[in-house]
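Q:
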Amino acid sequence: MRDELREQLKVAALEYHAREPRGKTFTGIKKPLDTQQDLSLAYTPGVAAPCLAIAKNASDSFQYTGRSNLVGVITNGTAVLGLGDIGPHAAKPVMEGKAMLFKRFADIDVFDIELDANDPDVFIAAVKAMEPTFGGINLEDIKAPECFYIEEQLRAQMQIPVFHDDQHGTAIIAGAAFLNALEVAKKSISEVHVVFSGAGAAAIACASLFLSLGVKAKNLTLCDSKGVVHDGRTDLNKYKQRFAKTTALRTMAEALRGADAFVGVSAANALSAEMLKGMGVTPIIFALANPDPEIDPDLARQVRPDAIIATGRSDFPNQVNNVLGFPYIFRGALDVRATTVNEAMKLAAALAIAALAKEPVPEVVMRAYKDSESYQFGRDYLIPKPVDPRVLFHVAPAVAKAAMDSGVARLHVDIDRYREQIGRLLRPSEVVTQLLAPPPKP
Numbered sequence: 001m002r003d004e005l006r007e008q009l010k011v012a013a014l015e016y017h018a019r020e021p022r023g024k025t026f027t028g029i030k031k032p033l034d035t036q037q038d039l040s041l042a043y044t045p046g047v048a049a050p051c052l053a054i055a056k057n058a059s060d061s062f063q064y065t066g067r068s069n070l071v072g073v074i075t076n077g078t079a080v081l082g083l084g085d086i087g088p089h090a091a092k093p094v095m096e097g098k099a100m101l102f103k104r105f106a107d108i109d110v111f112d113i114e115l116d117a118n119d120p121d122v123f124i125a126a127v128k129a130m131e132p133t134f135g136g137i138n139l140e141d142i143k144a145p146e147c148f149y150i151e152e153q154l155r156a157q158m159q160i161p162v163f164h165d166d167q168h169g170t171a172i173i174a175g176a177a178f179l180n181a182l183e184v185a186k187k188s189i190s191e192v193h194v195v196f197s198g199a200g201a202a203a204i205a206c207a208s209l210f211l212s213l214g215v216k217a218k219n220l221t222l223c224d225s226k227g228v229v230h231d232g233r234t235d236l237n238k239y240k241q242r243f244a245k246t247t248a249l250r251t252m253a254e255a256l257r258g259a260d261a262f263v264g265v266s267a268a269n270a271l272s273a274e275m276l277k278g279m280g281v282t283p284i285i286f287a288l289a290n291p292d293p294e295i296d297p298d299l300a301r302q303v304r305p306d307a308i309i310a311t312g313r314s315d316f317p318n319q320v321n322n323v324l325g326f327p328y329i330f331r332g333a334l335d336v337r338a339t340t341v342n343e344a345m346k347l348a349a350a351l352a353i354a355a356l357a358k359e360p361v362p363e364v365v366m367r368a369y370k371d372s373e374s375y376q377f378g379r380d381y382l383i384p385k386p387v388d389p390r391v392l393f394h395v396a397p398a399v400a401k402a403a404m405d406s407g408v409a410r411l412h413v414d415i416d417r418y419r420e421q422i423g424r425l426l427r428p429s430e431v432v433t434q435l436l437a438p439p440p441k442p
């Protein structure tokens, strides 16, 4: 049944993308261009005025152009989710889709850019050269470990936010869900033992943020395809070395005995029923691999009815979906002209998402999930639904405030007035709830 549905989706998706007009995005104009006066202002000779102002003060480009609301979604197609290294041409449909989400959920304009640049230094130089165009850069679908180096270099060289969503978007949403799972399980973050399956971009970022949230380094075990990341290994890159610990554990199965939580950002079926059986009481299972999780949630519930489970899929409870994060994180960062997205801003986003899950769910979200019961904070509702229009109102102001408080904002705004401004964007976004309701579970 599931294979049949996938084939139907494939056919429908090809038709959807090929339908005229082809693709999913286009450019538009924001000012009138109907008269000779309009033309004189928009182009020659009037355009000289803003050009000369910006020549004197480059930051005026945020005032006189669309830069302040423009994000570059940039990839080289070396690690497209679920598809691997398919190259920049094949990655373009994904980047166009990302652009749609930015616009629909947070009213942010996007140019998607697919670079034929597998050499990290060539990629870095190309993106750095485009800084005058954008207010922020969303890196996407770049393989590890190159993605770490690329982001590090661009963050150091650019004065606008550079955010690799495969890393930090996943980490922020997973972190929010993890905080609430701990509350449901009645466990302390400073005492839980967490085992990670995977040591790529998302896993490293999740592990890093979990440490910032309060997990103790001694209680965190990272596993890659060769087993536990320990300090006796000589094959670790510098990003894995940060998590190498002194331990006698060598396999993930050994690490999971008595563990409180499993976070899978790896591959299908990485977590066996036997491994799950040996975990501690009320185990927290985040099986986030897509499209097939590290363990089937139905099997996990059969093996451990006490488990709290999240996946990356929309047809199971607790979907860890990056769309809960990146549009709103960039909205907040752009609106205070932040120079970066720092740890304080990421933590603020995670805490805002976690807090929203504890508030009553509005009718507009209920209507989008017609086959479901009402949602209430608990083991099957750890984070808001991706279609919840309130996420913008909660996350963007939290990120903007964190940017101002941490000293990376070039603009300072009254946060209460800013919340009112953000509130005006909510009504159009509610339309999305009717469009993105998940299909019935097969």
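Okay, so the sequence shown: first residue is 1 according to the working numbering, each after it adds one.
For every residue, glycine included, the Cβ atom is placed at its ideal position computed from N, Cα and C.
For clarity, every value in this text was computed on a predicted model and none was experimentally measured.
Contact check, A205 vs A171 under 8 Å by CB: the rounded distance?
A: Translated into the one-based positions of the sequence shown, residue 205 becomes position 205. Translated into the one-based positions of the sequence shown, residue 171 becomes position 171. Going by Cβ atoms, the distance from A205 to A171 rounds to 4 Å, so yes, they are a contact pair.
Q: Whose C-beta lies closer than 7 Å to the C-beta of F210 among residues of the same chain, with five residues either side of it excluded?
A: Here residue 210 refers to the residue found at position 210 of the sequence shown. Cβ neighbours of F210 beyond the five flanking positions: G175, F178, V194 and L220.
Q: Check the DSSP bridge columns for G264 and list the partner residues they point to.
A: In the sequence shown, counting from the first residue as 1, residue 264 sits at position 264. Its beta-bridge partners are S197 and A287.
Q: Report back the beta-carbon spacing between V320 and A307 to the nearest angstrom; my notes put them in contact at under 8 Å.
A: Against the sequence shown, residue 320 aligns to sequence position 320. Against the sequence shown, residue 307 aligns to sequence position 307. The pair is not a contact, with the Cβ atoms about 16 Å apart (cut-off 8 Å).
Q: Which term fits E14, buried or exposed, when burial requires 16 or more other beta carbons within 10 angstroms of its beta carbon?
A: Within the sequence shown, the letter at position 14 stands for residue 14. Per the sequence presented here, residue 14 reads as Leu, with Glu not at that position. That one is exposed.
Q: Can you name the start and end residues of the alpha helix (DSSP H) that V364 belongs to?
A: Position 364 of the sequence shown holds residue 364. That run of the alpha helix (DSSP H) goes E363 to A368.
Q: Measure from the alpha carbon of V408 to the alpha carbon of each residue in V162, A144 and N180, then state which is nearest.
A: For this step, residue 408 is matched to residue 408 along the sequence shown. For V408, the nearest C-alpha among the options comes from V162.
Q: Under 8 Å, do D141 and V80 count as touching if we go by C-beta distance?
A: On the sequence shown, position 141 is the one that residue 141 refers to. On the sequence shown, position 80 is the one that residue 80 refers to. Against a cut-off of 8 Å, the Cβ pair of V80 and D141 comes out as a contact.
Q: Where I383 and N180 are concerned, what is the direct C-alpha to C-alpha distance, given to the nearest angstrom?
A: Here residue 383 refers to the residue found at position 383 when the sequence shown is read from its first residue. Here residue 180 refers to the residue found at position 180 when the sequence shown is read from its first residue. Using only the alpha carbons, I get a separation of about 8 Å.
Q: Are P397 and F105 closer than 8 Å when you measure CB to CB?
A: Sequence index remark: in the sequence shown, residue 397 carries index 397 (1-based). Sequence index remark: in the sequence shown, residue 105 carries index 105 (1-based). It is not a contact, given that the beta carbons lie outside the stated cut-off.
Q: For V281, which residues in the same chain have their Cβ closer than 8 Å to its Cβ, ignoring the five residues on either side in sequence?
A: One-based indexing of the sequence shown puts residue 281 at position 281. Excluding residues within five positions, the ones whose Cβ falls inside 8 Å are D306.
Q: How many Å lie between T339 and R410 at the Cα?
A: Position 339 of the sequence shown, counted from the first residue, corresponds to residue 339. Position 410 of the sequence shown, counted from the first residue, corresponds to residue 410. When rounded, the distance between both Cα atoms is 7 Å.
Q: Leaving out five residues before and five after F316 in sequence, what residues of the same chain have Cβ atoms less than 7 Å from its Cβ?
A: What you label residue 316 is simply residue 316 of the sequence shown in a count that begins at 1. Result list for F316: P297, in chain order.
Q: Could you tell me the alpha carbon to alpha carbon distance between V127 and V323, rounded to whole angstroms?
A: In the sequence shown, counting from the first residue as 1, residue 127 sits at position 127. In the sequence shown, counting from the first residue as 1, residue 323 sits at position 323. The straight-line gap from Cα to Cα measures roughly 23 Å.
Q: Using 8 Å as the threshold, is the C-beta distance between N269 and I295 below it?
A: Indexing the sequence shown from 1 puts residue 269 at position 269. Indexing the sequence shown from 1 puts residue 295 at position 295. For N269 and I295, yes; Cβs fall inside 8 Å.
Q: Give the single residue among A400, M158 and P389 whose Cα lies nearest to the Cα of R424.
A: Residue mapping note: residue 424 aligns to position 424 of the sequence shown, counting from 1. With distances taken between Cα atoms, R424 lies closest to P389.
Q: Would the stretch 127-138 and the stretch 149-166 be scored as touching if the rule is three or more Cβ pairs under 8 Å?
A: Enough Cβ pairs lie closer than 8 Å, so yes.
Q: Quick one: residues in its chain with C-beta nearer than 8 Å to the C-beta of K24, no 5 flanking neighbours on either side, listed in chain order?
A: Your numbering for residue 24 matches position 24 in the sequence shown. Counting only Cβ-Cβ distances below 8 Å, and skipping sequence neighbours, we find H17, P93, E96, G97, A99 and M100.
Q: So who's on the other strand from K245, going by DSSP bridges?
A: Taking the first residue of the sequence shown as position 1, residue 245 is located at position 245. Answer is H230, bridged to K245.
Q: Rank G378, I285 and K385 by C-alpha distance to the C-alpha of A449 and give the top, closest one.
A: For residue 449 there is no data in the structure shown, the boundaries of the chain being 1 and 442.
Q: Apply the 10 Å Cβ neighbour rule to D448 and answer buried if 16 or more other Cβ atoms are within range, or exposed otherwise.
A: Any property of residue 448 remains undetermined from this structure, which presents the chain solely from 1 to 442.
Q: Would you decide whether F62 is buried or exposed? Buried here means 16 or more other CB atoms lie within 10 Å of its CB.
A: As a working mapping, residue 62 is identified with position 62 in the sequence shown. Looking at its Cβ environment, which holds 16 or more other Cβ atoms inside 10 Å, F62 is buried.
Q: Suppose only complete runs of 3+ residues qualify. What are the beta strand (DSSP E) ranges in the stretch 397-424, listed by chain order?
A: As far as the stretch 397-424 is concerned, it has no whole beta strand (DSSP E) run of at least 3 residues.
Q: Whose C-beta lies closer than 7 Å to the C-beta of L392 among residues of the same chain, with five residues either side of it excluded?
A: Translated into positions along the sequence shown, residue 392 becomes position 392. Cβ within range, chain order: F105, A106, Y328, R331, I422, L425, L426 and S429.
Q: Using only the alpha-carbon positions, how far apart do V387 and Q37 sit?
A: By one-based count along the sequence shown, residue 387 stands at place 387. By one-based count along the sequence shown, residue 37 stands at place 37. Cα to Cα, the separation comes out at about 43 Å.
Q: Give me, in chain order, the residues of the same chain whose beta-carbon lies closer than 6 Å to that of S402; leave out the 5 immediate sequence neighbours on both sides.
A: As a first step, residue 402 must be located in the sequence shown, where it is residue number 402. Just to set this straight, residue 402 is Ala in the shown sequence, not Ser. Closer than 6 Å at Cβ, skipping near neighbours: A344, M345 and A348.
Q: With R337 and S68 assumed to form a contact (beta carbons below 8 Å), what rounded beta-carbon distance in angstroms separates them?
A: Taking the sequence shown and counting its residues from 1, the one referred to as residue 337 is at position 337. Taking the sequence shown and counting its residues from 1, the one referred to as residue 68 is at position 68. Confirmed, Cβ separation roughly 7 Å.
Q: So, using beta-carbon positions, are A203 and F196 closer together than 8 Å?
A: By 1-based counting over the sequence shown, the position of residue 203 is 203. By 1-based counting over the sequence shown, the position of residue 196 is 196. Yes; because the gap between Cβ atoms is below 8 Å, this pair is in contact.
Q: If you draw a straight line from the alpha carbon of A259 to that of M279, how long is it in whole angstroms?
A: Taking the sequence shown and counting its residues from 1, one reaches residue 259 at position 259. Taking the sequence shown and counting its residues from 1, one reaches residue 279 at position 279. Rounded to whole angstroms, A259 to M279 spans 5 Å at the Cα level.
Q: Decide if F26 is buried, meaning its Cβ has at least 16 other Cβ atoms within 10 Å, or exposed.
A: Walking along the sequence shown from the start, residue 26 turns up at place 26. F26 is exposed by the Cβ-count criterion.
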